[in-house]
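**Q**
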Amino acid sequence: MAPRAVHPLADIALACQEQAMNTYGFTFHDAVLQALPSGALHWPEAAILVVSDLHLGKSARLSAVGGAQLPPYETRETLQRLGDDLSATKAQRVICLGDSFDAPGIEAALPQEDLLWITRLQAGREWIWIAGNHDPAPVTLKGAHRAEHTEGALTFRHIATADGRAEVSGHYHPKARLSLRGRSVTRPCFLIDDTRLILPAYGAYTGGLHCDAPVLSDLMGPAAQAILTGPRPVAIPMPRRARAG
Amino acid sequence: MRRSVRALLLSDGAGYLSTMTRLPDSLKSWFDARGWQIHPHQRAMLERAADPALLLIAPTGGGKTLAGFLPTLSELADASRNGLHTLYISPLKALAADIRRNLLIPIEEAGLPIRVEDRTGDTPASRKKRQRADPPHILLTTPESLALLTSYEDAPRMFAGLQRVVVDEIHALAESKRGDQLMLALARLQALCPGLRRVGLSATVEDPEAIARLMAHGDQPCEILQADPGPDPDISMLVTDQAPPWAGGGAAYSIPAVLEQVKRHNTTLIFHNTRAQAEIYFHNLWLANEDALPIGIHHGSLDRGQREKVEAAMVRGDLRAIVCTGSLDLGIDWGDVDLVIQVGAPKNVKRLVQRIGRANHRYNAPSKAILVPANRFEVVECLAALEAVKEHDLDGDPRGPGPRDVLCQHILIAAASGPFDADALYEEMRGAGAYAGLTRTQFDACLDFCATGGYALRAYDQWQRLQQRPDGLWQLRDPRSATRIRQNIGTIQDTDTLKVKWRGRGGAPLGEVEEGFAASLTKGDTFLIGGQIVRYEGLRELVVEVTRDPGRKPKIATFMGTKFSTSTQLSDRILRMFRADDWPDLPPHTRDWLHLQREVSHLPEPGRLLVESFPHDGRQQLVVYGFAGRNAQQTLGLLLTKRMEEMGLAPMGFVSTDYATLIWGLDAVTDPAPLFDLEALENGLDTWLAGNAVMKRTFRASATIAGLIERQVGGQRKTGRQATMSSDILYDTLLKYDPDHLLMQITREEAMRGLVDFARIREMSERVGDRIDHLRLSRITPLAAPLFLEPGRVPVNGLADERLMEEEVTRLLNESGLAQVETKPAWRVPW
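This is how it looks when you write it as structure tokens:
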């Protein structure tokens with residue numbers, strides 16, 4: 246067995262370099278965190294990777310209600326990305342922040358291949374499924390099922406609470422728009438202020454809510470930042486709507 | 013339809029009606045009493061009323077629509093019968109309502125026992141319901157409303173006994189998917205009513221045979237009747253003391269001269285090629301309108317209420333002029349129009365001739381039209397167009413086989429109306445001209461798409477949209493999905509638009525702007541809409557809120573309107589004109605300008621490719637004068653920017669016209685030759701499918717028509733929380749996991765047909781060989797200038813985005829004072 250690097254972060258820094266991945270580092274309640282280009286949150290010290298709103302099985306759910314049949318590839322697309330992030334970060338633990346599945350029991354409709362893929366990703370890792378509004382009941386898959394989870398100073402839950410402290414959540418699928426010399430770029434984004442961190446949706450077939458929506462403006466403090474995902478994650482002051490008259 | 017009854021009423025000379033053997037006495041005496049004459053082509057329509065299909069080509073004002081209805085009126089006059097006899101289809105809702113009013117005149121005055129009703133998206137639900145239970149003798153409708161009617165289970169009962177279908181303005185429908193959908197619906201009707209007779213009414217077109225083939229059912233004949241085309245139009249180019257500007261589409265210089273023309277005529281239609289140009293022109297026209305002549309504006313982005321007000325004022329004769337776009341290419345009879353002014357290059361000779369026809373006041377009088385070039389390049393194009401009109405050289409490209417996205421929608425419509433037999437549906441569809449060559453394999457792929465999604469991965473068989481019953485018929489798995497199918501009927505692609513309203517409670521609607529344009533606005537920006545300058549205040553529940561901003565110069569005045577696909581015939585004429593040493597037919601200013609271009613740079617020549625590069629507007633510009641037609645120039649833009657991206661030149665976007673492509677980016681091109689390697693370009697053709705905006709736009713349109721993406725109706729869009737995923741994600745997913753999926757095939761096919769046109773790039777490449785003239789210049793050239801004002805800029809998302817984003821982030825951080833904070837390696841939020 247090869248000797249381990251002395252500092253746990255060195256390993257990860259190396260891995261990120263190998264993958265040529267640009268990350269955005271910041272500190273949240275003394276936890277040194279990294280926003281990954283994909284929208285995952287990496288906590289190197291705890292070897293934790295956090296992802297939110299995977300919405301696996303969305304095309305299956307939409308087919309079931311008689312709508313158009315979307316390409317049934319979103320699950321493997323999402324898992325592919327998750328797999329890449331896991332090998333890049335070498336994370337040992339995974340927290341899925343809820344809405345991992347698009348509907349209760351929809352995992353039964355996933356192709357066997359996709360289910361096996363999930364099992365492969367879980368192998369040798371601690372896996373925590375947080376309940377979401379789309380998947381309130383425990384899924385029939387391996388891993389711990391929790392309403393919420395606390396790790397060090399941080400609390401992980403699906404929907405941000407009004408009085409949450411050091412809270413990491415998902416649910417809103419935040420995205421932000423930047424105007425660049427007359428052109429605009431929209432990206433899913435992390436939102437962060439002094440009490441809470443909201444993750445973007447990680448799943449392939451997920452829309453987004455502009456972070457200037459009232460619900461997010463109200464939730465986030467005045468000094469909130471938006472970390473835009475993409476090849477090179479960057480932070481900007483969270484865009485807000487101009488107050489009407 | 014313009015004249016309908018009125019044309020007949022206005023016809024002079026004593027009519028002798030004895031040849032009209034089939035005209036019933038009541039109608040005959042009604043005519044006799046007024047001493048009206050029947051046109052020869054109207055008589056011919058009566059005589060050939062039993063033909064399975066007829067195509068009537070008549071100029072505007074030729075009494076075309078009445079010709080189409082005379083057989084119906086005759087057949088219905090005597091025998092009292094119940095049920096639907098004739099279906100009239102027009103491309104415009106307003107037209108259907110107008111025809112109804114016109115038809116009621118002879119029906120009521122001659123006391124004919126005929127019930128006429130219209131049915132469009134605007135018809136109240138209660139009347140729609142009654143129409144299905146108890147249809148009128150004559151039903152006036154649109155292709156979309158007809159498609160909807162055929163989707164109901166009671167369609168066979170409603171259409172039982174239908175005798176005739178009259179399709180108005182078929183020349184306009186024939187060029188679009190609306191026409192394809194209509195022809196599929198007619199094939200459906202033909203199956204329900206085997207004896208159905210069809211009549212198409214068309215303006216002057218370059219290839220009547222092609223339209224006749226569309227009108228015909230299967231192998232049945234479709235005779236073409238040509239009305240007297242009337243005298244040649246009186247058409248000229250506006251000559252002003254002041255020269256048109258070097259660049260731009262505003263044509264503001266022409267305002268005094270145009271106002272003078274408006275004063276001299278009863279009613280003038282002032283056509284523009286884009287909505288933005290119409291807005292700017294209207295604004296300027298009013299600034300100069302010292303006599304306060306009543307002048308209105310009409311275009312597709314205006315609120316419907318506003319448009320209707322203008323239309324009503326026009327009909328009453330209250331307006332002396334109306335600034336408009338293609339939204340008035342078709343439409344109701346505008347009464348006293350005696351002059352058509354075309355501002356901006358006509359781009360397409362056939363459309364120009366049809367527009368000129370709008371001024372056809374009396375059948376035998378020449379239409380009067382004036383072309384107003386907006387800039388000096390357009391002077392050249394106008395001259396070329398004048399020559400083409402004189403030579404009756406109409407342009408037009410044949411359409412390919414029927415598009416399969418429309419076919420998919422038709423299969424879903426069939427399913428909504430009830431269980432169907434695949435063999436029978438296949439045979440029925442092949443009866444529609446554009447689909448005659450449809451193979452069974454192609455049909456089966458469409459059926460499979462409708463049933464299962466047609467993916468290589470067969471995931472959810474238990475939830476198929478269509479299922480085959482034990483007796484072999486196909487039906488909807490969930491009958492409730494019929495409602496969703498009906499909500500998504502139609503092939504018209506609305507770009508995503510946002511309503512514009514005055515701020516405040518109950519603010520009146522002004523019109524719509526494209527979502528992309530709205531996204532680029534920041535508070536305080538001003539733009540023109542409905543002829544007014546407004547100030548952007550903010551976005552509220554997907555409504556753009558604005559306030560009045562009098563007296564300020566609009567900072568931004570661009571929103572995209574319908575773009576003309578321009579004809580290559582005109583481009584070829586222009587290239588030939590450039591060959592000359594001098595151009596005595598051109599006004600001196602334009603002549604001098606071409607000489608100046610020749611002096612400063614080069615003039616494009618047949619057999620060579622002119623490429624200019626220069627810095628402008630903080631970016632490096634590259635102009636390629638390919639004269640290959642807009643579509644091919646567009647593709648060239650895609651392929652060239654892709655190669656530039658690979659070469660690290662950070663292109664940011666491009667825009668194309670009929671004659672050139674302009675590419676802007678962060679770095680200059682020093683040697684264009686490697687860019688134009690045809691083989692490399694052609695290899696790029698497949699790979700650029702990945703991730704460019706034009707392909708995604710094409711995919712979005714086809715996926716919506718084929719029923720993969722459901723239109724967001726009304727309230728759905730307001731619930732921003734359930735924000736739907738963008739079609740781009742579906743496109744990317746299919747490209748990665750299922751690149752041969754039916755919709756990807758359709759997208760490629762559509763793009764090749766519409767937006768790609770690679771054949772013309774190859775043709776251009778062969779024409780020019782290695783004769784590329786690259787000129788590096790210090791500033792913008794005379795010929796390049798107009799390109800900077802072209803709408804339809806296509807962004808290239810790549811290197812430049814990331815570079816610009818860094819700039820912007822730095823700016824924002826500086827502004828907010830956060831830049832002082834150390835950001836790497838582990839940036840700490842300062843609290």
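Residue numbers (this note's numbering), protein chains in the order written: chain A, 246 to 490; chain B, 13 to 843.
C-beta: ideal position from N, C-alpha, C; glycine also.
Under the three-state reduction of DSSP, which class applies to B/F571: helix, strand or coil?
**A** Only weak support is given to the placement of B/F571: the predicted model assigns it a pLDDT of 42, under 50, and the question is left unresolved by the model.
**Q** With 7 Å as the limit, tell me which residues of the region 304 to 318 of chain A have their beta carbon closer than that to any beta carbon of chain B; keep them in chain order.
**A** Listed by position, the residues of the region 304 to 318 of chain A near chain B (Cβ gap below 7 Å) are A305, S308, A309, G311, G312, A313, Q314, L315, P316, P317, Y318.
**Q** Please name the residue, chosen from B/D679, B/G649, B/P618, that lies closest to B/P627 on a Cα-to-Cα basis.
**A** Ranking B/D679, B/G649, B/P618 by Cα distance to B/P627 puts B/D679 first.
**Q** How far does the alpha helix (DSSP H) with B/V418 in it extend, from its first residue to its last?
**A** From DSSP, the alpha helix (DSSP H) with B/V418 extends over 416 to 429.
**Q** Please say whether B/A89 and B/L39 have beta carbons closer to each other than 8 Å?
**A** In this structure, B/A89 lies closer than 8 Å to B/L39 by Cβ.
**Q** Taking just the CA atoms, how far does B/T286 sit from B/K575?
**A** Because the pLDDT of B/K575 is 48, which lies under 50, any placement of that residue in the model is unreliable, and the number read from its coordinates should be weighed accordingly. Whole-angstrom Cα-Cα distance: 7 Å.
**Q** Kindly indicate which three-state DSSP category B/G665 falls into: helix, strand or coil?
**A** Note: B/G665 maps to strand in three-state DSSP.
**Q** Check whether the Cβ of A/V479 lies closer than 8 Å to any Cβ atom in chain B.
**A** Yes, because at least one Cβ of chain B sits closer than 8 Å to the Cβ of A/V479.
**Q** Quick check: what's the CA-CA separation for B/P616 versus B/F639?
**A** Spanning the two alpha carbons is a distance of roughly 9 Å.
**Q** Closest to A/L361 by CA distance: which of A/G328, A/A389, A/E393, A/Q337 is it?
**A** That would be A/G328, whose Cα lies nearest to the Cα of A/L361.
**Q** Compare the beta carbon distance of A/Y269 and A/A405 with 8 Å and say whether it is the shorter of the two.
**A** The answer is no: Cβ separation not under 8 Å.
**Q** Where does A/M465 fall in DSSP's three states?
**A** If DSSP states are grouped into helix, strand and coil, A/M465 belongs with coil.
**Q** Going along chain A, which residues have a C-beta under 9 Å from B/G465?
**A** The contacting residues are S304, S308, A313, Q314, L315, P316, P317.
**Q** If contact means a Cβ-Cβ distance below 7 Å, which residues of the region 804 to 820 of chain B contact chain A?
**A** For the region 804 to 820 of chain B, which is checked against every Cβ of chain A, the residues closer than 7 Å are P807, D813, E814, L816, M817, E820.
**Q** Out of curiosity, what's the CA-to-CA distance linking B/I117 and B/R142?
**A** Approximately 24 Å, taken between the alpha carbons.
**Q** Say whether chain B places a C-beta atom closer than 8 Å to the C-beta of A/F450.
**A** At residue 450 of chain A the sequence reads Tyr, which differs from the Phe that was named. Yes, A/Y450 counts as interfacial toward chain B.
**Q** I'd like to know if A/R486 contacts chain B, where contact means its C-beta is closer than 8 Å to some C-beta of that chain.
**A** Interface residue, yes.
**Q** Look up B/F639 in the DSSP assignment and say whether it is helix, strand or coil.
**A** Correct three-state label for B/F639: coil.
**Q** Quick check on DSSP: helix, strand or coil for B/G235?
**A** Here the sequence assigns Glu to residue 235 of chain B, which means Gly is not the residue at that position. It is a strand residue.
**Q** Of the residues A/S304, A/P356, A/L286, which one's Cα is nearest the Cα of A/G415?
**A** The shortest Cα separation from A/G415 among A/S304, A/P356, A/L286 belongs to A/L286.
**Q** Evaluate B/P794 with the Cβ neighbour count: other Cβ atoms within 10 Å of its Cβ, from every protein chain shown; 16 or more gives buried, anything less gives exposed.
**A** Label assigned to B/P794: buried.
**Q** Cβ of B/G542 less than 8 Å from any chain A Cβ?
**A** Not one chain A Cβ lies under 8 Å of B/G542.
**Q** Using 8 Å as the cut-off, can you tell me whether the region 339 to 355 of chain A makes contact with the region 367 to 385 of chain A, which would need three or more C-beta pairs spanning the two stretches below that distance?
**A** Yes: at least three Cβ pairs fall under 8 Å.
**Q** Checking the sheet assignment: what are the DSSP bridge partners for B/E129?
**A** DSSP, once it has assigned bridges, lists B/L151 as partnering B/E129.
**Q** Would you say A/A354 lies against chain C (beta-carbon separation less than 8 Å)?
**A** Note that chain C does not occur in the displayed structure, where the protein chains are A and B.
**Q** Got a sec: is the Cβ-Cβ distance from B/W475 to anything in chain A below 8 Å?
**A** It does: the Cβ of B/W475 has a partner Cβ on chain A nearer than 8 Å.
**Q** Three-state secondary structure (DSSP) at B/H786?
**A** Three-state result, B/H786: strand.
**Q** Rounded to the nearest angstrom, what separates A/G409 and A/T440 at their Cα positions?
**A** Their backbone Cα atoms lie some 7 Å apart in a straight line.
**Q** Would B/A797 and B/M664 qualify as a contact pair, given that the criterion is a beta-carbon distance under 8 Å?
**A** Not a contact, by the Cβ cut-off of 8 Å.
**Q** Could you give the first and the last residue of the continuous beta strand (DSSP E) run that contains B/V384?
**A** It spans 380 to 384 - the beta strand (DSSP E) in which B/V384 sits, taken as one unbroken run.
**Q** Less than 8 Å separating the beta-carbons of A/H231 and A/A407?
**A** The structure shown does not extend to residue 231 of chain A, since chain A is modelled only from 246 to 490, so the question has no answer here.
**Q** Helix, strand or coil, according to DSSP, for B/R210 in the structure here?
**A** Strand, per DSSP.
**Q** On the DSSP letters alone, give me the boundaries of the beta strand (DSSP E) that B/T286 sits inside.
**A** Element bounds for B/T286: n/a, residue is neither H nor E.
**Q** For my contact list, B/A444 and B/W486 are in at a C-beta cut-off of 8 Å; report their separation, rounded to the angstrom.
**A** Their Cβ separation, rounded to whole angstroms, is 19 Å, which puts B/A444 and B/W486 out of contact at 8 Å.
**Q** What residues match up with B/S248 in a beta bridge as DSSP calls it?
**A** For B/S248, which the question treats as bridged, DSSP gives the partners B/I382.
**Q** Could you give the distance in angstroms between the alpha-carbon of B/L739 and the alpha-carbon of B/Y749?
**A** One point to set straight first is that residue 739 of chain B is Ser, not Leu, in the sequence displayed. One C-alpha to the other measures close to 15 Å.
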